[in-house]
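>
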Amino acid sequence: MNVIVIGATSGIGRAVAEIYIRQGHRVGITGRRETLLQEIASLAPEGAVFPKAFDVSGEDAALRLAGLVEAMGGVDVCLYSSGYGHTNTVLEPSLELGQIDVNAKGFVRCAAWLFNYWAGHGLKGHLAVISSVASILPLGVCPAYSATKKFEAFYAQTLRQLAVIRNADIRITVIKPGFVDTDFIHGRHFPMTIRKEKAAVKIVRAIKRNKKTAVIDGRWAALGVLMRMIPSPLWNWSGRFFRPYKDMF
451 MNVIVIGATS GIGRAVAEIY IRQGHRVGIT GRRETLLQEI ASLAPEGAVF PKAFDVSGED
511 AALRLAGLVE AMGGVDVCLY SSGYGHTNTV LEPSLELGQI DVNAKGFVRC AAWLFNYWAG
571 HGLKGHLAVI SSVASILPLG VCPAYSATKK FEAFYAQTLR QLAVIRNADI RITVIKPGFV
631 DTDFIHGRHF PMTIRKEKAA VKIVRAIKRN KKTAVIDGRW AALGVLMRMI PSPLWNWSGR
691 FFRPYKDMF
């Protein structure tokens, strides 16, 4: 199977890529840091890994992705793992817009190209995206992060229906992790934090099982059910409890 992990240089993306490599798949890996991509490739059997350095926020991202797919001879599964977040209670525009460029615009560039590639050639494909439990309810401490993760989840769901409209054999999986011990949380300790290796195993399993949505892990899935039941006025009022976490990322 040909798998591409977009955003594979660190964190969840790298952990997922390493699982697919160990399973014997041909894996394309992308990211901005060429040295880290080459490091991953050097640890794998020759010809098993296809590194491609590019920035998803660049206008040429889709063209770069197309080049990777061509080099691999096609793609069966793609995980969009690129993304980052900041708390931004002062609403610094550059922080907000930077997250929109990567989490939202970058996802659209890659997802739209992949969808049209599979649909246009009558191919079977599977697109997965790492959203977040932050997409369930808006988080005032990190407005752009929460909003872009909601965007990713919703956009992916529209592609699921679009596949039906265009009679395309394309599957969509939305991954919603809770806190994961990556550079994203900078070593800080938060409740129900998951090891990235454990999260990666669950993500690969969710993709294999063709899950439409997978909250990582079960504890967060249960909490997510409760979060959806909270009335908006109560959730807004609860913002006072987030004050100590204004600078958590």
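Under my numbering, the first residue of the sequence shown is numbered 451, with each subsequent residue one higher.
Note that the Cβ used here is the ideal one computed from N, Cα and C, for glycine as well.
Values in this document were obtained by computation on a predicted structure and should not be read as measured data.
(1) Given a cut-off of 8 angstroms, decide if Tyr-567 and Ile-456 are closer than it, judged by their beta-carbon atoms.
(2) Where does His-576 land, buried or exposed, given buried means 16+ other C-beta within 10 angstroms?
(3) Quick check on the burial criterion: 16 or more other C-beta atoms within 10 angstroms. Buried or exposed for Asn-660?
(4) Under three-state DSSP, which class holds Cys-592?
(5) Just the C-alpha distance for Ser-544 and Arg-678, rounded to the nearest angstrom, thanks.
(6) How is the alpha helix (DSSP H) around Phe-557 delimited, first residue to last?
(7) What first and last residue would you give for the beta strand (DSSP E) that runs through Gly-523?
(8) Which same chain residues end up closer than 7 angstroms to Val-506 when comparing Cβ atoms and leaving out the 5 residues on each side of it in sequence?
(9) For Ile-653 versus Phe-629, is the C-beta distance shorter than 8 angstroms?
(10) Helix, strand or coil: how does DSSP classify Lys-648 here?
(11) Closest to Val-527 by CA distance: which of Lys-662, Arg-621, Pro-683 and Ala-664 is it?
(12) Which of the three DSSP states, helix, strand or coil, is assigned to Arg-621?
(13) With a CB to CB cut of under 8 angstroms and the five nearest residues on each side skipped, what residues in its chain are close to Asn-617?
(14) Going along the chain, which residues of its own chain have a beta-carbon closer than 6 angstroms to the beta-carbon of Phe-699, five neighbours each way excluded?
(15) So, is Glu-468 buried or exposed, given that buried needs 16 or more other C-beta atoms within 10 angstroms?
(16) Terminal residues of the continuous alpha helix (DSSP H) containing Thr-485?
(17) Could you check where the alpha helix (DSSP H) with Leu-545 kicks off and where it finishes?
(18) Taking three-plus beta-carbon pairs below 8 angstroms as touching, is the segment 490-502 in contact with the segment 464-482?
(19) My understanding is that Ile-625 touches Ala-664, with C-beta atoms under 8 angstroms, so please give their C-beta distance in whole angstroms.
(20) Does DSSP classify Ala-498 as helix, strand or coil?
(21) From which residue to which residue does the beta strand (DSSP E) around Ile-454 run?
(22) Can you give me the C-alpha to C-alpha distance between Asp-619 and Val-651, rounded to a whole angstrom?
(23) Nearest to Tyr-605 by alpha carbon, out of Ala-562, Gly-590, Ala-569 and Pro-627?
(24) By Cβ distance below 7 angstroms, which residues in the same chain neighbour Ala-656 in space, the five residues on each side in sequence not counted?
From the atom records:
(1) Your numbering for residue 456 matches position 6 in the sequence shown. Your numbering for residue 567 matches position 117 in the sequence shown. Against a cut-off of 8 angstroms, the Cβ pair of Tyr-567 and Ile-456 comes out as no contact.
(2) Taking the first residue of the sequence shown as 1, we reach residue 576 at position 126. So His-576 ends up on the buried side.
(3) As a first step, residue 660 is located in the sequence shown; it is residue number 210 there, counting from the start. Asn-660 is exposed by the Cβ-count criterion.
(4) Here residue 592 refers to the residue found at position 142 when the sequence shown is read from its first residue. Residue state, collapsed to three classes: coil.
(5) Your numbering for residue 544 matches position 94 in the sequence shown. Your numbering for residue 678 matches position 228 in the sequence shown. In a straight line, the C-alpha of Ser-544 is about 30 angstroms away from that of Arg-678.
(6) In the sequence shown, the residue the question calls residue 557 occupies position 107. Unbroken alpha helix (DSSP H) run through Phe-557: 557-570.
(7) In the sequence shown, counting from the first residue as 1, residue 523 sits at position 73. Counting along the chain, Gly-523 falls outside any beta strand (DSSP E), and DSSP gives it neither H nor E.
(8) Here residue 506 refers to the residue found at position 56 when the sequence shown is read from its first residue. Within the same chain, Val-506 has close Cβ partners Ile-456, Ser-532, Val-552, Gly-556, Arg-559 and Cys-560.
(9) Position 203 of the sequence shown, counting from 1, holds the residue named residue 653. Position 179 of the sequence shown, counting from 1, holds the residue named residue 629. In this structure, Ile-653 sits away from Phe-629, with a CB-CB distance that is not shorter than 8 angstroms.
(10) Residue numbering aside, residue 648 sits at position 198 when the sequence shown is read from its first letter. Collapsing the DSSP output to three states places Lys-648 in a helix.
(11) Taking the sequence shown and counting its residues from 1, one reaches residue 527 at position 77. When each option's Cα is compared against that of Val-527, the closest is Arg-621.
(12) Along the sequence shown, one-based indexing puts residue 621 at 171. Arg-621: strand per DSSP, three-state reduction.
(13) To locate residue 617, count along the sequence shown from 1; it is residue 167. Here the set comprises nothing.
(14) Indexing the sequence shown from 1 puts residue 699 at position 249. Note on Phe-699: pLDDT 48, under 50, position unreliable in the model; the coordinate value appears next. So the list reads Gly-535, His-536 and Thr-537, once near-sequence residues are dropped.
(15) Here residue 468 refers to the residue found at position 18 when the sequence shown is read from its first residue. Label assigned to Glu-468: buried.
(16) Your numbering for residue 485 matches position 35 in the sequence shown. Residues 484-492.
(17) Locating residue 545 in the sequence shown gives position 95, counting from the first residue. The continuous alpha helix (DSSP H) containing Leu-545 extends over residues 543-549.
(18) yes
(19) Within the sequence shown, residue 625 is the residue found at index 175, counting from 1. Within the sequence shown, residue 664 is the residue found at index 214, counting from 1. Indeed they touch by this definition, with Cβ atoms about 5 angstroms apart.
(20) Start at 1 with the first residue of the sequence shown, and residue 498 comes out as number 48. DSSP places Ala-498 in coil when its eight states are reduced to three.
(21) Walking along the sequence shown from the start, residue 454 turns up at place 4. Start and end: 452-456.
(22) Here residue 619 refers to the residue found at position 169 when the sequence shown is read from its first residue. Here residue 651 refers to the residue found at position 201 when the sequence shown is read from its first residue. Taking the straight line joining both Cα atoms gives about 25 angstroms.
(23) As a first step, residue 605 must be located in the sequence shown, where it is residue number 155. Closest by alpha carbon: Ala-562.
(24) By 1-based counting over the sequence shown, the position of residue 656 is 206. Around Ala-656: Thr-623, Ile-625 and Ala-664.
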